[in-house]
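*Asks:* Residues are numbered in the numbering used here as their position in the sequence shown, beginning at 1, plus a constant of 119. We put the CB at the ideal spot given by N, CA and C, even for glycine. All values reported here derive from a predicted model rather than from experimental measurement.
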Amino acid sequence: MRRPERILVVGAGIAGCSAAIALASQGFGVTLVEKQAEWRFQSSGIFIYGNGLEALRAVGVLPRILEAGFAIEDGRNVYLDHLGAPIVDVFYPRSQGGAVPIVGIKRSEMHRVLADRLSALGVEIWLATTVERVDTEGEHARVLLSDGTAQAFDLVVGADGIRSQLREQVTGPLAPRYTGFGVWRSVHERPRALVAKIMMMGIGKRLGIMPIADDRLYLFGTVAEPAGRWYPKEEWPARMRERFAEFGGPARPFLDQLGADSELLYTAVEEVQAPLPWHAGRLLLIGDAAHASTPFMG
């Protein structure tokens, strides 16, 4: 089979950007399409363990990620009960490649690093663009775009997330499944003394604290939520305070800070496990389009 010369990556999330960078680094001609009209992504946090850090090293962005985020050099994860009493300390190992055990970073900062790498590699990016259909019959994949034009590519990589428009062409109808819980997330100023990842365990709830920059930390909590329940954004601060009202210890000051001006996000967690294979002809699924997992499994 001849080497593909023109590759389309659909979706500029972490998976799509990373795939586009990896392919462009190997000399492929890569176009990346993204449905958002601006390069704007969630401002909550994310933490990355050794295997993920090695992947970021492979695509050439690890030094910038370490610079923009917060590395926990000893890999310490402190487990407490909901009032702050100690349970156990767990130490995550370094990867075989020697990367630090865990790094926290703001998602918007991670996307900025990825965007800079895409630009340096000359990846063509089309914003405000979606893929309506991919015809995989024939020598090329024929792609119908949302602007009504058709383009030919040697390979189409579907990285368009948990609600992928391309997944059905590979797997047939497959809707996301609600997991039964939601995630509440907020960003706060980091006290200098807070240098470890903290997990506070309640009854049917958990609340975590993770540094994501020299001056910022990420508060995240999971709790059972009714299926189909959504809350207006203006209610989020009060809802998050109410959901975790019984928590004290190191989380209490951050819960008390929640207000109308807080950086806060609520997500009802869904998952998808597409059956293998994750490809059909010249269309390939990656990331959440193929295997969207809960935050505990990523």
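#1: When DSSP labels each residue in this structure, what does W355 get in the three-state scheme?
#2: How many Å lie between A312 and L202 at the Cα?
#3: From G169 to G179, what does the alpha carbon distance come to, in whole angstroms?
#4: Between which two residues does the alpha helix (DSSP H) holding D375 run?
#5: Counting C-beta neighbours from all protein chains within 10 Å, is the total for A187 16 or more, i.e. buried, or is it exposed?
#6: What's the call for Q288, buried or exposed, on a 16-neighbour Cβ count within 10 Å?
#7: Mapping the DSSP letters down to three states, classify Q215 as helix, strand or coil.
#8: With respect to the alpha helix (DSSP H) encompassing Q288, which residues constitute its N-terminal and C-terminal limits?
#9: Around the Cβ of E354, are there at least 16 other Cβ atoms within 10 angstroms (buried) or fewer (exposed)?
#10: Since D208 is in the beta strand (DSSP E), which residue starts that stretch and which ends it?
#11: Determine the burial state of G299: buried for a count of at least 16 other Cβ atoms within 10 Å of its Cβ, exposed for fewer.
#12: Are three or more beta carbon pairs between the segment 335–344 and the segment 300–307 nearer than 8 Å?
#13: Have a look at I437 and H259 and give me their C-alpha separation to the nearest angstrom.
#14: For A143 and L237, what's the separation of their Cα atoms in angstroms?
#15: Tell me whether the beta-carbon of N99 lies closer than 8 Å to the beta-carbon of K324.
#16: For Y297, which beta-bridge partners are listed by DSSP?
#17: Buried or exposed, going by whether 16 or more other CB atoms sit within 10 Å of the CB of L395?
#18: Is S214 closer than 8 Å to L246 when the C-beta atoms are compared?
#19: My output table needs one value for D407: the three-state DSSP class, helix, strand or coil.
#20: Might you give, ordered along the chain, the residues of its own chain that have their beta carbon closer than 6 Å to the beta carbon of A295, omitting 5 neighbours on each side?
*Replies:* This is what the structure holds:
#1: Residue mapping note: residue 355 aligns to position 236 of the sequence shown, counting from 1. Three-state DSSP puts W355 in a helix.
#2: Residue mapping note: residue 312 aligns to position 193 of the sequence shown, counting from 1. Residue mapping note: residue 202 aligns to position 83 of the sequence shown, counting from 1. For A312 and L202, the distance between alpha carbons rounds to 19 Å.
#3: Working through the sequence shown from its first residue, we reach residue 169 at position 50. Working through the sequence shown from its first residue, we reach residue 179 at position 60. Computed Cα separation, rounded: 15 Å.
#4: Stepping through the sequence shown from its first residue, residue 375 is reached at position 256. D375 -> alpha helix (DSSP H) spans 371–376.
#5: Here residue 187 refers to the residue found at position 68 of the sequence shown. Buried is the call here.
#6: If you number the sequence shown from 1, residue 288 lands on position 169. Burial call: buried.
#7: Taking the first residue of the sequence shown as position 1, residue 215 is located at position 96. Three-state result, Q215: coil.
#8: Working through the sequence shown from its first residue, we reach residue 288 at position 169. Unbroken alpha helix (DSSP H) run through Q288: 286–290.
#9: Numbered from its first residue, the sequence shown carries residue 354 at position 235. An exposed status is given to E354, since fewer than 16 other beta-carbon atoms sit within 10 Å of its beta-carbon.
#10: Against the sequence shown, residue 208 aligns to sequence position 89. 205–210 is the span of the beta strand (DSSP E), which, as asked, contains D208.
#11: Mapped onto the sequence shown, residue 299 falls at position 180. Per the 10 Å Cβ criterion, exposed.
#12: yes
#13: Given a span of 120 to 417 for the chain in the structure shown, any question on residue 437 remains unanswerable.
#14: Taking the sequence shown and counting its residues from 1, the one referred to as residue 143 is at position 24. Taking the sequence shown and counting its residues from 1, the one referred to as residue 237 is at position 118. Rounded to the nearest angstrom, the two C-alpha atoms are 8 Å apart.
#15: Nothing in the structure corresponds to residue 99, since the chain is present only between 120 and 417.
#16: Within the sequence shown, numbered from 1, the residue matching residue 297 stands at position 178. According to DSSP, which records beta bridges pairwise, Y297 is partnered with E389.
#17: As a working mapping, residue 395 is identified with position 276 in the sequence shown. Label assigned to L395: exposed.
#18: Along the sequence shown, read from residue 1 onward, the residue named residue 246 stands at position 127. Along the sequence shown, read from residue 1 onward, the residue named residue 214 stands at position 95. No, the pair does not count as a contact, with Cβ atoms beyond the cut-off.
#19: Residue 407 sits at position 288 when you count from the first residue of the sequence shown. D407 falls in the helix class under three-state DSSP.
#20: One-based indexing of the sequence shown puts residue 295 at position 176. One point to set straight first is that residue 295 is Pro, not Ala, in the sequence displayed. Only I281, E389, V391 meet the Cβ criterion.
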